[in-house]
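Enquirer: Heads up: the protein sequence lines correspond to chains F and Z, in order.
Here the first sequence is numbered in full-length UniProt numbering, starting from 1 and rising by one per residue.
Here the second sequence is numbered in full-length UniProt numbering, starting from 1 and rising by one per residue.
Here a beta-carbon is modelled for each residue, glycine too, at the ideal position from N, C-alpha and C.
Just so it is clear, the structure is predicted and the values come from calculations on it, not from any experiment.
Pasting a structure here, questions to come.
2 protein chains.
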Amino acid sequence: MSRMEVKISGFGGQGIVLAGIIIARAAGLHDKKYVTQTQSYGPEARGGACASEIVISDEKVDYPLVEEADVLVAMSQEALNHYLSTLKEGGTLLVDPDLVPEVPEVPGSKIYKIAATRVATNELGRKIVANMVMLGSLVHISGVSTNKAIKEAVRESVPPGTEGLNLKALEKGMKLAREVADEII
Amino acid sequence: MSRMEVKISGFGGQGIVLAGIIIARAAGLHDKKYVTQTQSYGPEARGGACASEIVISDEKVDYPLVEEADVLVAMSQEALNHYLSTLKEGGTLLVDPDLVPEVPEVPGSKIYKIAATRVATNELGRKIVANMVMLGSLVHISGVSTNKAIKEAVRESVPPGTEGLNLKALEKGMKLAREVADEII
């Protein structure tokens with residue numbers, strides 16, 4: 001990996017920004033990569049699609065915005081529609097199927113349906129940790145950080161007292177990714 | 001204001017990243033500006049200076065990194081030493097005097113000493129909200145967002161149940177800035 005570009009998208013309140021920050025900390029502080037993590041807000045953002053961008057590199061990052069995403073995560077239909085064009089040819093797409101009912105064909109790309117919100121709600125009783133479930137799947141599928149680094153970064157970044165719940169959600173996501181990957185193969 | 005570049009710097013654990021995110025939300029979602037907010041991590045970051053960068057513009061932001069900071073906040077000596085060279089000529093510098101004992105002369109620049117950590121510790125009993133005190137001062141001095149927008153963004157961004165404490169800290173910071181500004185004039 002010389003440069004990997006990741007975009008996580010959804011709507012406000014899903015913890016998209018926090019997920020991006022956790023990846024950046026994992027890869028930058030713990031895996032010792034160079035990382036920039038950016039979010040953009042604009043007059044058009046309110047209530048609409050929001051995204052967090054992470055660029056990870058073995059060298060210093062000069063241009064910190066995602067130009068072509070190697071990995072795109074979409075946690076809402078609107079976000080997918082808005083950002084799908086930024087997915088690289090042959091890139092990897094993760095969607096939450098309960099929030100993204102219509103996934104177009106993307107020739108050459110691998111698509112993983114990760115039911116993060118359903119797992120967070122039904123198995124953990126806390127919809128709010130759907131972002132952590134998705135994060136676990138993302139790490140397992142993309143290798144954007146090591147497992148050790150992402151766990152460390154989650155522990156450091158979530159509100160004190162919620163570490164256990166968030167780490168459990170992360171591991172659910174990793175497990176989910178293993179199962180989904182088995183189905184695809 | 002066509003483009004304003006702000007850099008908040010300190011060490012890990014001070015809530016530098018959160019302060020940057022709150023400004024970005026305030027200006028982008030509530031004041032309806034175009035905003036990007038970036039943090040960088042690298043092998044050199046661990047335990048050292050860390051920074052959050054915010055670019056606010058009336059137009060879409062093409063290059064999201066701070067090139068010359070209009071406003072630099074330093075919450076540690078190491079951060080000031082590391083980032084002072086990025087302060088624009090005639091720019092504004094805010095330092096926490098208990099953490100930054102040595103402030104060099106910066107001809108043409110305005111320097112404000114904001115005792116954020118002392119106020120957070122002594123007046124609010126919670127050192128952890130020093131970032132919110134500094135944020136309040138920053139908004140008052142720089143006008144980077146409206147008061148209404150920053151309060152809204154704080155409310156949305158801090159852990160549930162801590163809104164009151166954080167808003168109180170923010171207001172302490174605004175008050176502190178008024179007093180310090182009076183001294184300077």
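Specify the secondary structure class of Ile185/F as computed by DSSP and reduced to three states.
Expert: Low local confidence applies: a pLDDT of 49 at Ile185/F is under 50, so the model's placement there is unreliable, and no value is given.
Enquirer: Against chain Z, with Cβ distances strictly below 8 Å, would Ile21/F count as a contact?
Expert: Yes - at least one Cβ of chain Z is within 8 Å of the one on Ile21/F.
Enquirer: Beta-carbon of Gln14/Z versus every beta-carbon of chain F: anything under 8 Å?
Expert: Not an interface residue.
Enquirer: Flag this pair as yes or no: are the beta carbons of Ser76/F and Gly10/F separated by less than 8 Å?
Expert: Contact flag set, yes.
Enquirer: In chain F, which residues lie less than 8 Å from Val35/Z when you measure between Cβ atoms?
Expert: By Cβ distance, chain F contributes Ser40, Tyr41 and Gly42.
Enquirer: Does DSSP put Thr162/F in a helix, in a strand, or in coil?
Expert: Correct three-state label for Thr162/F: coil.
Enquirer: Just reading off the beta strand (DSSP E) that Gln37/Z is part of, what are its end residues?
Expert: Element bounds for Gln37/Z: Tyr34 to Tyr41.
Enquirer: Determine whether the Cβ of Leu93/F lies closer than 8 Å to any Cβ atom of chain Z.
Expert: No, no contact with chain Z.
Enquirer: Between Arg126/F and chain Z, is there a C-beta pair that is closer than 8 Å?
Expert: No - not a single Cβ of chain Z is within 8 Å of the one on Arg126/F.
Enquirer: For residue 206/F, count the other beta carbons within 10 Å of its own beta carbon; 16 or more makes it buried, fewer makes it exposed. Which is it?
Expert: Because chain F is modelled from 1 through 185, residue 206/F falls outside the range shown and cannot be assessed.
Enquirer: For the alpha helix (DSSP H) that contains Arg155/F, what are its first and last residues?
Expert: First-last of the alpha helix (DSSP H) with Arg155/F: Asn147 to Ser157.
Enquirer: Which ranges does the alpha helix (DSSP H) cover as unbroken runs of at least 4 residues, wholly within the region 66-136 of chain Z, from first to last along the chain?
Expert: Counting only runs of 4 or more, we get 77-83 and 116-122.
Enquirer: How many angstroms separate the CA atom of Lys148/F from the CA atom of Ala24/F?
Expert: Whole-angstrom Cα-Cα distance: 14 Å.
Enquirer: Would you please state the rounded distance, in angstroms, between the beta carbons of Glu53/F and Val66/F? I believe it to be under 8 Å.
Expert: Glu53/F to Val66/F, Cβ: 4 Å. Contact.
Enquirer: Buried or exposed: where does Gly15/F fall if 16 or more other Cβ atoms within 10 Å of its Cβ makes it buried?
Expert: By the neighbour-count rule (16 or more Cβ atoms within 10 Å), Gly15/F is buried.
Enquirer: Considering only their Cβ atoms, is the gap separating Ala153/Z from Ala26/Z smaller than 8 Å?
Expert: Against a cut-off of 8 Å, the Cβ pair of Ala153/Z and Ala26/Z comes out as a contact.
Enquirer: Compare the C-alpha of Val129/Z against each of Tyr63/Z, Thr162/Z and Glu105/Z and name the closest.
Expert: When only C-alpha atoms are compared, the closest one is Thr162/Z.
Enquirer: Is Glu5/F closer than 8 Å to Val55/F when the C-beta atoms are compared?
Expert: A contact, by the Cβ cut-off of 8 Å.
Enquirer: When DSSP labels each residue in this structure, what does Glu59/F get in the three-state scheme?
Expert: Here Glu59/F sits in coil by DSSP.
Enquirer: By a C-beta neighbour count over all protein chains shown, 10 Å radius and 16 as the cutoff for buried, is Gly164/Z buried or exposed?
Expert: With fewer than 16 other Cβ atoms within 10 Å, it is exposed.
Enquirer: Quick one: Cα of Ser142/Z to Cα of Tyr83/Z, how far?
Expert: Taking the straight line joining both Cα atoms gives about 18 Å.
Enquirer: Let me know the secondary structure DSSP gives Ala49/F once reduced to three states.
Expert: Reduced to three states, the DSSP call for Ala49/F is strand.
Enquirer: Against Val154/F, what residues of chain Z qualify as contacts under a CB-to-CB distance less than 8 Å, listed in chain order?
Expert: The premise fails here: Val154/F is roughly 15 Å from chain Z at the closest Cβ pair, so nothing lies under 8 Å.
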